[in-house]
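S.K.:
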Amino acid sequence: MDDLKQKYLTQIAGAGDEATLETIRLAAVGKKGEVALKMRELGGMTPEERQVAGPALNALKNEINSALAAKKAALADAALDARLREEWLDVTLPARSRPRGTIHPISQVTEEVTAIFAEMGFSVAEGPRIDTDWYNFDALNIPGHHPARAEMDTFYMHRAEGDNRPPHVLRTHTSPVQIRSMEAMGAPMRIICPGGVYRADYDHTHTPMFHQVEGLAIDRDISMANLKWVLEEFVKAFFEVDGVDLRFRASHFPFTEPSAEVDIRCSWEGGTLKVGEGDDWLEILGSGMVHPKVLKAGGIDPESWQGFAFGMGIDRIAMLKYGIPDLRAFFDSDLRWLRHYGFASLDQPTLHGGLSR
Ligand code: DAH
Numbered sequence: 000m001d002d003l004k005q006k007y008l009t010q011i012a013g014a015g016d017e018a019t020l021e022t023i024r025l026a027a028v029g030k031k032g033e034v035a036l037k038m039r040e041l042g043g044m045t046p047e048e049r050q051v052a053g054p055a056l057n058a059l060k061n062e063i064n065s066a067l068a069a070k071k072a073a074l075a076d077a078a079l080d081a082r083l084r085e086e087w088l089d090v091t092l093p094a095r096s097r098p099r100g101t102i103h104p105i106s107q108v109t110e111e112v113t114a115i116f117a118e119m120g121f122s123v124a125e126g127p128r129i130d131t132d133w134y135n136f137d138a139l140n141i142p143g144h145h146p147a148r149a150e151m152d153t154f155y156m157h158r159a160e161g162d163n164r165p166p167h168v169l170r171t172h173t174s175p176v177q178i179r180s181m182e183a184m185g186a187p188m189r190i191i192c193p194g195g196v197y198r199a200d201y202d203h204t205h206t207p208m209f210h211q212v213e214g215l216a217i218d219r220d221i222s223m224a225n226l227k228w229v230l231e232e233f234v235k236a237f238f239e240v241d242g243v244d245l246r247f248r249a250s251h252f253p254f255t256e257p258s259a260e261v262d263i264r265c266s267w268e269g270g271t272l273k274v275g276e277g278d279d280w281l282e283i284l285g286s287g288m289v290h291p292k293v294l295k296a297g298g299i300d301p302e303s304w305q306g307f308a309f310g311m312g313i314d315r316i317a318m319l320k321y322g323i324p325d326l327r328a329f330f331d332s333d334l335r336w337l338r339h340y341g342f343a344s345l346d347q348p349t350l351h352g353g354l355s356r
């Protein structure tokens, strides 16, 4: 019995894993193991022999079982230690690498403008970038001989000889969407139309493609006062300041009567723009009361309805708000520029959540 004990305790001590331990258990204290065989021999013994051998065998069995249990626990501890050493994680590392793409300032500003006007009940309308010269000019009270056509540096689509379709242009402003929206929705309505426009011009404040946002509100008794309030609310929200002075300067646009260009009070101290303070004025948009001829062209009766309209350069207000010096860089697709001036893709501009954060 001492030999058995010695043999198994040595084997157990030397076992390297649970499978080996199980093999040892079966050989020692399993149903057909050596201890069980010994137990069977008890039957052939005298009662006196049995009285000694019985308890001794039980003690041996218990000793082997507890050695097995202890070894099993030790093996499990060692396995856990090894796993803990292997599987570690530096929780101070960023969970995910930063997204590589950024939102272009023009997209950002378009979203900001949309969020502000949406709060005032304006929905977004869109029109084609290639449009007929009727929508781009005539319907907006700019007839063929009008000097505004020449001033706009229009891109005309090429027409083969004998092609009698109406002339098409790359739209020179978003104002044609006014006409298309009047046709589609009728009065009353309140819309803005952001989008790309084209003019043959190129220097550090002009690119052949740029962006505008048009505004149009038509109702029974809309006045310049409504226009002024809407624009003040817009400017405060957009530049994220509590108050601004707006200056309405008499101007002329063929599609509005009266017409006004709107300036905002600002300062350029130290080369950076501050809106709402200082002694300088900055022109930001053109506006006015929609000309009766324009309403008529859109199929709306000017005897019953009137409205205001405005047009603003998106690229220009983006440059002003975010201190971007050269317009041409907007369209260079330079990744360093995009990373510098771009916006995080998950920050949707909202009025309550903060527009630009
Ligand atoms: N369409 C004009 C432009 O591109 C801007 C403009 C001025 C739009 C006055 C308007 C407006 O709707 O009322 O220069």
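At position 49 of the sequence shown the residue is numbered 48 (numbering that gives the first Met the number 0), and the sequence of numbers has no breaks.
Beta carbons: idealized from backbone N, C-alpha and C, even for Gly.
Predicted model, so just to flag it, every value in this text is computed and none were measured.
Enumerate in chain order the residues of its own chain whose CB-to-CB distance from P166 is below 6 Å, with the five nearest sequence positions on each side excluded.
M.R.: D132
S.K.: With contact counted as at least three CB pairs below 8 Å, one residue from each stretch, are the region 146-154 and the region 260-275 in contact?
M.R.: no
S.K.: Kindly indicate the opening and closing residues of the alpha helix (DSSP H) around G53.
M.R.: In this chain, the alpha helix (DSSP H) harbouring G53 covers 46-85.
S.K.: Is it right to say W228 is buried, meaning 16 or more other beta carbons lie within 10 angstroms of its own, or is it exposed?
M.R.: exposed
S.K.: Would you grab the beta carbon distance between S332 and G285 for me? Rounded to a whole angstrom, and I think it's under 8 Å.
M.R.: Their Cβ separation, rounded to whole angstroms, is 30 Å, which puts S332 and G285 out of contact at 8 Å.
S.K.: Figure out for me which residue from P46, L345, N57, E21 has the closest Cα to the Cα of A35.
M.R.: N57
S.K.: So what does DSSP say about K273, is it helix, strand or coil?
M.R.: strand
S.K.: With burial defined as no fewer than 16 other Cβ atoms inside 10 Å of the residue's Cβ, what is the status of H290: buried or exposed?
M.R.: In the assembly as shown, H290 is a buried residue. Its beta-carbon has 16 or more other beta-carbons within 10 Å.
S.K.: Cβ of H290 within 7 Å of any heavy atom in the ligand DAH?
M.R.: no
S.K.: Under the criterion of a Cβ to heavy atom distance below 7 Å, does S180 qualify as lining the ligand DAH?
M.R.: no
S.K.: Cutting at 6 Å between CB atoms, please list the residues of its own chain near D130, excluding the five before and the five after it.
M.R.: R170, P175
S.K.: Report all residues from its chain with a CB closer than 7 Å to the CB of E17; omit the five preceding and five following residues, and keep chain order.
M.R.: K71, L74
S.K.: Tell me which residues share the same chain as H205 and place their Cβ nearer than 6 Å to its Cβ, disregarding the 5 neighbours each side in the sequence.
M.R.: none
S.K.: Taking 8 Å as the limit between beta carbons, can you name the residues of its chain near F237, skipping five residues before and five after?
M.R.: E111, V112, I115, I316, K320, L354
S.K.: So Q107 is in the beta strand (DSSP E); what residue range does that whole segment cover?
M.R.: That residue, Q107, is in no beta strand (DSSP E); its alpha helix (DSSP H) goes 104-118.
S.K.: Note down the Cα distance separating G126 from E282, rounded to an integer number of angstroms.
M.R.: 26 Å
S.K.: Using 8 Å as the Cβ pair cut-off and three pairs as the minimum, do the region 88-104 and the region 134-149 touch?
M.R.: no
S.K.: If you follow the beta strand (DSSP E) that L197 is part of, which residue opens it and which one closes it?
M.R.: Note on residue identity: the sequence assigns Tyr, not Leu, to residue 197. Start and end: 188-197.
S.K.: Does P253 pass the burial test, meaning 16 or more other C-beta atoms within 10 Å, or should it be called exposed?
M.R.: buried
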